[in-house]
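Number of protein chains: 2
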Amino acid sequence: MPLKNTGTEQHIKDTAKRLLFAEGKLHATTQEIADAAGVNRTALHYYFRSRDLLIAAIFQDAMQDLSQRLNECMISDESFKAKTEKIISVFLKHMIAFPYQETFLVTEMNTLGKNLITNIQSDPVKSYLKEAAVEMEKGTIEKMNPIHFLMNLFSLLSYPLIMAPLYKKLFRVSGKDFKELIEERERLIISLLFKQ
Amino acid sequence: MPLKNTGTEQHIKDTAKRLLFAEGKLHATTQEIADAAGVNRTALHYYFRSRDLLIAAIFQDAMQDLSQRLNECMISDESFKAKTEKIISVFLKHMIAFPYQETFLVTEMNTLGKNLITNIQSDPVKSYLKEAAVEMEKGTIEKMNPIHFLMNLFSLLSYPLIMAPLYKKLFRVSGKDFKELIEERERLIISLLFKQ
DNA sequence: TCCTATCTTAACATTTTTGTCTAACAAAAA
DNA sequence: TTTTTGTTAGACAAAAATGTTAAGATAGGA
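Protein chains in written order, with our numbering: chain A, 1 to 196; chain B, 197 to 392.
Set out below in structure tokens:
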């Protein structure tokens with residue numbers, strides 16, 4: 001709780017978030033982060049004491065942010081399909097902004113991540129899964145373990161963005177064309193998951 | 197090219213592959229790799245000169261291995277659906293054995309990966325994509341940019357395994373149950389991608 | 001005006017890791 | 001038996017990165 005809030009602490013966090021989760025420089029050193037933020041390296045220690053604490057802070061921020069917005073989608077008062085469309089929209093925006101956040105999570109799961117993951121609320125997810133089961137009974141989506149439905153949804157959303165740098169090379173697609181491909185997926189995923 | 201082939205070089209590679217790509221210890225030090233292989237750290241330098249060269253070697257091996265098997269599926273003499281089933285089977289086996297290899301690729305794309313990716317043959321992929329387009333005309337799969345079809349396929353295959361540690365916690369599923377879930381996906385993915 | 005939180009500069013200690021070198025040794029090959 | 005090969009052991013140099021500390025500078029608030 002700083003008395004004079006100069007915004008430097010937040011600026012450092014934002015910069016670190018951009019470097020790691022947007023640009024994919026997962027091994028960025030404290031020096032690189034400080035340089036990118038235009039502050040002295042000691043300022044990082046002044047605010048966060050250690051690199052690990054800074055990283056933990058930005059990861060927690062990002063997860064908090066995303067999971068809250070997803071929870072809002074999941075417990076909203078709309079139809080299952082409308083909810084799913086919102087989830088897709090929210091998640092896709094997040095993935096476009098921070099494509100490396102999930103990769104970071106996977107690589108650091110064994111070390112930093114352990115505690116952070118347990119913070120994820122699972123109640124909204126459970127209620128969303130229940131609704132999926134109802135839809136399966138109604139026949140609007142194919143019958144399967146609802147967990148499969150969720151895995152399918154997030155697979156189709158996340159993976160192409162995680163692999164974007166590879167796919168651009170492999171398919172020889174420009175950044176602009178790839179962006180268009182990704183945008184197309186919003187309705188493609190819906191039409192793949194829903195029968196009607 | 198050792199005169200007496202004692203298998204130590206291969207053993208080191210296999211161990212490194214297991215540590216990094218199977219167990220996900222992507223930051224394993226030369227000491228840790230040597231210990232896991234039961235050899236002296238000097239032996240690593242004796243065979244590979246540097247950590248980077250060792251890593252590059254195992255990554256190239258693994259990519260070579262996988263892409264060759266996938267290419268065989270893609271250019272085989274079977275129906276499109278049969279090919280796709282084989283691709284799923286081959287890729288799933290690989291992902292189960294080395295779930296962290298793709299994550300490693302993503303994190304190291306900017307440094308080591310640059311050269312390695314260009315080695316990927318894209319001709320079999322191109323011919324597979326053409327066949328997909330034919331199937332779309334026939335109506336056996338939904339009409340879309342064939343690149344979407346391929347992205348969908350690999351998304352549905354890869355992502356759940358990349359995220360396995362997270363999903364197990366999130367859904368509170370045991371390793372055994374999760375393995376069953378993954379095995380179910382083999383036919384689930386087919387039924388999702390093919391209309392008939 | 002004085003104080004204090006914010007932030008810089010600079011120097012330095014520490015740790016971690018990589019990579020190198022040399023000596024030694026066992027076992028197979030010549 | 002001698003040589004070569006594969007491998008260990010130990011010591012060490014060098015680099016990279018983190019973290020600490022002390023000494024200011026500066027500006028806004030009391």
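Cβ coordinates follow ideal geometry from the N, Cα and C atoms, glycine included.
Among the options, the one whose alpha carbon lies nearest that of residue i
i	options	result
L254 (chain B)	B:Y363, B:L353, B:A212 and B:E219	Looking at the sequence shown, residue 254 (chain B) is not Leu but Ile. Considering only alpha carbons, the answer is B:A212.
A260 (chain B)	B:M340, B:T303 and B:Q297	Per the sequence shown, residue 260 (chain B) should be read as Gln rather than Ala. Nearest of B:M340, B:T303 and B:Q297 to Q260 (chain B), Cα basis: B:Q297.
L388 (chain B)	A:L153, A:I55, A:I162 and A:K176	A:L153
I251 (chain B)	B:T226, B:L366, B:E274 and B:N236	B:T226
D52 (chain A)	A:I147, A:F194, A:T111 and A:K169	A:T111
I358 (chain B)	A:D77, A:D14 and A:L105	A:L105
Y167 (chain A)	B:F244, B:I343 and B:R368	B:I343
T238 (chain B)	B:K322, B:Q256 and B:I208	B:I208
D61 (chain A)	A:Q10, A:R172 and A:K176	A:Q10
D322 (chain B)	A:Y46, A:Y47, A:S79 and A:R172	Position check: residue 322 (chain B) holds Lys in this sequence, whereas Asp was assumed. When only C-alpha atoms are compared, the closest one is A:R172.
D77 (chain A)	A:Y47, A:P124 and A:F48	A:P124
T303 (chain B)	A:E108, A:T103 and A:M109	A:T103
R381 (chain B)	A:M151, A:S79 and A:K179	A:M151
Close beta carbons around residue i, own chain, < 7 Å, minus the five adjacent residues each side
i	result
V286 (chain B)	R265, L266 and C269
L353 (chain B)	I284, F287, L288, M291 and I385
Q196 (chain A)	T140
Y243 (chain B)	E205 and I208
Sequence-distant residues of its chain with Cβ nearer than 6 Å to residue i (five each side left out)
i	result
K86 (chain A)	C73
A22 (chain A)	F98
F149 (chain A)	A132
Y128 (chain A)	M74
K375 (chain B)	none
Own chain partners of residue i with C-beta closer than 8 Å, once the 5 adjacent residues on each side are dropped
i	result
L19 (chain A)	K25, A28, E32, I33 and A36
G175 (chain A)	K168
I316 (chain B)	M259 and S263
S79 (chain A)	none
Residue i burial status per 10 Å Cβ neighbour count (16 or more: buried)
i	result
P2 (chain A)	Residue confidence for P2 (chain A) is low, a pLDDT of 41 falling below 50, so the modelled location carries little weight; the figure read from the coordinates is stated next. Looking at its Cβ environment, which holds fewer than 16 other Cβ atoms inside 10 Å, P2 (chain A) is exposed.
I337 (chain B)	buried
E379 (chain B)	exposed
A360 (chain B)	buried
R383 (chain B)	exposed
D177 (chain A)	exposed
Integer Cβ distance of residue i from residue j, believed to fall under 8 Å
i	j	result
P356 (chain B)	S155 (chain A)	6 Å
V39 (chain A)	T8 (chain A)	6 Å
L366 (chain B)	S50 (chain A)	28 Å between Cβ atoms; not a contact.
L240 (chain B)	N145 (chain A)	With a Cβ gap of about 44 Å, L240 (chain B) and N145 (chain A) do not count as contacting.
F390 (chain B)	K277 (chain B)	6 Å
Original post:
Using 8 Å as the Cβ pair cut-off and three pairs as the minimum, do the stretch 322–342 of chain B and the stretch 126–138 of chain A touch?
Top reply: no
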